[in-house]
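> Sharing a structure with you now.
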Amino acid sequence: AQTVTQSQPEMSVQEAETVTLSCTYDTSENNYYLFWYKQPPSRQMILVIRQEAYKQQNATENRFSVNFQKAAKSFSLKISDSQLGDTAMYFCAFISGNQFYFGTGTSLTVIP
Amino acid sequence: DAGVIQSPRHEVTEMGQEVTLRCKPISGHNSLFWYRQTMMRGLELLIYFNNNVPIDDSGMPEDRFSAKMPNASFSTLKIQPSEPRDSAVYFCASSSRNYGYTFGSGTRLTVV
Chain A
1 AQTVTQSQPE MSVQEAETVT LSCTYDTSEN NYYLFWYKQP PSRQMILVIR QEAYKQQNAT
61 ENRFSVNFQK AAKSFSLKIS DSQLGDTAMY FCAFISGNQF YFGTGTSLTV IP
Chain B
113 DAGVIQSPRH EVTEMGQEVT LRCKPISGHN SLFWYRQTMM RGLELLIYFN NNVPIDDSGM
173 PEDRFSAKMP NASFSTLKIQ PSEPRDSAVY FCASSSRNYG YTFGSGTRLT VV
């Protein structure tokens, strides 16, 4: 069975600082995709970043980057230069075939 | 592209009434998913379709819930009869093969 674990229910960070959200997953698949989604108070689910398991290079999108450790089955999200607009729930997700598995989310608060 | 379009945005209904939620996926996406989000359970996959065919409806909580996808551009999720415990945000999402989901804005359902 595939599972996605986010062990940090809540986190906070000072504006302009860097924060890392953790995610681990369990799978027997070799080819899969990992994602981070952001859900701000508007409740819209927004794709933040995507990583293909067959790529060793960590994905980067502006201030967002991941640390993908395939052997450890770890997929953490680093947010640099945190902004107030980054305050949101962040969900780690894993895709296998046509089905997604979501973590339970980390609530991130950026403190002015 | 207008993205995944859900309607209505908000729905308030009385217990026992029929509720129909609608979704228009992104053109060209061959998979469609219905999720329910609550504080208690987080994101739950209810059902997903591939090429308009229901593939897995094991997440549908009860026979009161039904979903259809009559064509590639439209899907409905129906609850009949509705109950207060069905109150949640219902998301529709579509995807095109491993790229990741694109979510709709969700329908906030309140059953009183």
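So the sequence lines, in the order shown, correspond to chains A and B. Under my numbering, the first residue of the first sequence is numbered 1, with each subsequent residue one higher. Under my numbering, the first residue of the second sequence is numbered 113, with each subsequent residue one higher. Every residue, glycine too, gets a C-beta built ideally from N, C-alpha and C.
If L84(A) sits next to P41(A), beta carbons under 8 Å apart, how far is it from one beta carbon to the other, in whole angstroms?
12 Å between Cβ atoms; not a contact.
> For chain B, check one thing: does any of its Cβ atoms lie closer than 8 Å to the Cβ of M45(A)?
Yes, because at least one Cβ of chain B sits closer than 8 Å to the Cβ of M45(A).
> Is it the case that the Cβ atoms of V110(A) and D86(A) are separated by a distance below 8 Å?
Yes, the pair counts as a contact, with Cβ atoms nearer than the cut-off.
> Scan the stretch 26-46 of chain A for residues whose Cβ lies nearer than 7 Å to a Cβ of chain B and list them as they occur along the chain.
Here the close residues are Y33, F35, R43, Q44 and M45.
> Taking just the CA atoms, how far does P196(B) sit from E126(B)?
Answer to the nearest angstrom: the Cα atoms are 8 Å apart.
> At what residues does the beta strand (DSSP E) containing R153(B) begin and finish?
Here R153(B) belongs to no beta strand (DSSP E), and DSSP marks it neither H nor E.
> On the three-state DSSP scale, how would you describe R63(A)?
Reduced to three states, the DSSP call for R63(A) is coil.
> What's the gap between the Cα of P120(B) and the Cα of T219(B)?
So the alpha carbons of these two residues sit roughly 6 Å apart.
> Within 8 Å (strictly less), CB to CB, does G105(A) reach chain B?
Yes - at least one Cβ of chain B is within 8 Å of the one on G105(A).
> What did DSSP end up calling D26(A) once you bin it into helix, strand or coil?
DSSP places D26(A) in strand when its eight states are reduced to three.
> Just the chain A side, please: which residues come within less than 9 Å of Y213(B) by C-beta, in chain order?
Within 9 Å Cβ-Cβ: F35, Y37, M45, L47, A93, I95 and F100.
> What does DSSP give as the partner residues of Q118(B) in its beta bridges?
Paired residue(s): C135(B).
> Restricting to Cα atoms, I'd like to know which of K73(A), Q56(A) and L77(A) is closest to T20(A).
Nearest option by C-alpha distance: L77(A).
> Spatial neighbours of R134(B) within its chain, please: C-beta separation below 6 Å, excluding the five flanking residues on both sides.
For R134(B), where only same-chain residues beyond five positions count, the Cβ hits under 6 Å are S119 and T188.
> Around the C-beta of G216(B), are 16 or more other C-beta atoms found within 10 angstroms, so that it is buried, or is it exposed?
The residue in question, G216(B), is buried, as its Cβ has 16 or more Cβ neighbours within 10 Å.
> Check the Cβ of R63(A) against every Cβ in chain B and list those closer than 9 Å, keeping chain order.
None at all; the shortest Cβ gap to chain B is about 19 Å.
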